[in-house]
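Heads up: the sequence shown begins at 411 in the working numbering, then just goes up one per residue.
All C-beta atoms, glycine included, are put in the ideal place defined by N, C-alpha and C.
Predicted, not measured: the structure shown is a model, and the values here were computed from it.
Heads up: the structure comes next, in structure tokens.
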Amino acid sequence: MTTNADPLEIQKFSELAHRWWDPTSEFRPLHEINPLRLEWINALAPLAGKNVIDIGCGGGVLSEAMARKGAKVTGIDLSEKALKVADLHSLESSVEVRYKRIAAEDMAAEEPGQFDVVTCMEMLEHVPDPAAIVKAAATLVKPGGRLFFSTLNRNFKSYLFAVIGAEYVLRMLPRGTHDYAKFITPAELSQFVREAALVVDSLKGLTYNPLTKIYSLNNDTDVNYMVACTKPL
């Protein structure tokens, strides 16, 4: 198995796996941003009838949402506990998703060029070699297919908001959820994308207002941001 993974990161999310679908748990921010990112993805790459792979799917929050839009979804992750939770929830909700415990690089070797859409959300900042994940995603998608990545920018503001604010002040996330040194600037991610022979189409920011407690999509990429790409024909 490919080892582009941090065992401590896998363990951290595995220990929380049973709370993945609890909207009041540590995963509350994930549930609150999910409709926003889902509609952004669906607007750029209508999901109905598409073959989609969700890299780093965790408990399946985005995977199930995309399946509800009519996509045929495969979710992959390296946390066995998270995938068990995802499988169980899929059975309970009667939303069909194929889940598989496999690294993105290994999946790319097994099923190259098989997917219309590839998503990899809130994962790149948790792996040792994010560029390798982007390359694997590029291998998985068909020519002309769309890819979506999201991660955290690396600057003083993102440290203040995503680490100090979210983990210590507002306690929206468990302490230690994020390692600031692993945050990725849009320029760096764009470089990974170009090296994988992909084209950046769109860049979108995702911000949180602590007063209204509401997330919104906008052009502020200082903290959380998403990138849409295409694999040329």
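- Judged by pairs of C-beta atoms under 8 Å, the stretch 579 to 589 does not touch the stretch 549 to 558, as fewer than three such pairs exist.
- DSSP places A607 in the coil class of the three-state scheme, outside both helix and strand.
- Taking the C-beta atoms as reference points, T587 is found nearer than 9 Å to A576.
- Here T529 has D464 and F558 as same chain residues with Cβ atoms under 6 Å from its own Cβ, once five neighbours each way along the sequence are excluded.
- The straight-line gap separating the alpha-carbon atoms of I624 and T434 is approximately 15 Å.
- Contact between S612 and L457 does not hold, since the beta-carbon distance rounds to 16 Å and is not under 8 Å.
- Secondary structure at T631: coil, using DSSP grouped into helix, strand and coil.
- Sequence-distant partners of N444 (beyond 5 residues in either direction) whose C-beta falls short of 8 Å from its own C-beta, in its chain, are V471, L472 and A475.
- Here P540 is buried: its Cβ has 16 or more other Cβ atoms, across all protein chains shown, within 10 Å.
- For the pair G459 and G485, the CB atoms are not nearer than the 9 Å cut-off.
- Excluding five sequence positions before and after A607, the CB atoms of its chain that fall closer than 8 Å to its own CB belong to A548, K641 and P642, given in chain order.
- A distance of 9 Å or more separates the beta carbons of S560 and F593.
- Rounded to whole angstroms, the separation of the alpha carbons of W431 and T631 is 27 Å.
- For L613, the beta-bridge partners assigned by DSSP are V637.
- Under the three-state reduction of DSSP output, K510 falls in the strand class.
- Take the alpha-carbon of K422 and the one of R585: they are about 11 Å apart.
- Within the same chain, and ignoring the five residues on either side of E521 in sequence, the residues whose Cβ sits closer than 7 Å to its Cβ are L550.
- Counting along the chain, the unbroken alpha helix (DSSP H) around I443 starts and ends at R438 to L454.
- Nearest in C-alpha terms to A591, of all of R604, R564 and M531, is R564.
- Where K482 is concerned, the enclosing beta strand (DSSP E) starts and stops at K482 to D487.
- Short of 6 Å from the beta carbon of E506, and not among the five residues preceding or following it, lies no beta carbon of its own chain.
- Residues N414, A415, D416 and I543 of the same chain have their beta carbon placed closer than 7 Å to that of V537, with the five preceding and five following residues left out of the count.
- The Cβ neighbour count for S504, taken over all protein chains shown within 10 Å, is under 16; the residue is labelled exposed.
- F566 counts as exposed, since fewer than 16 other C-beta atoms from the protein chains shown sit within 10 angstroms of its C-beta.
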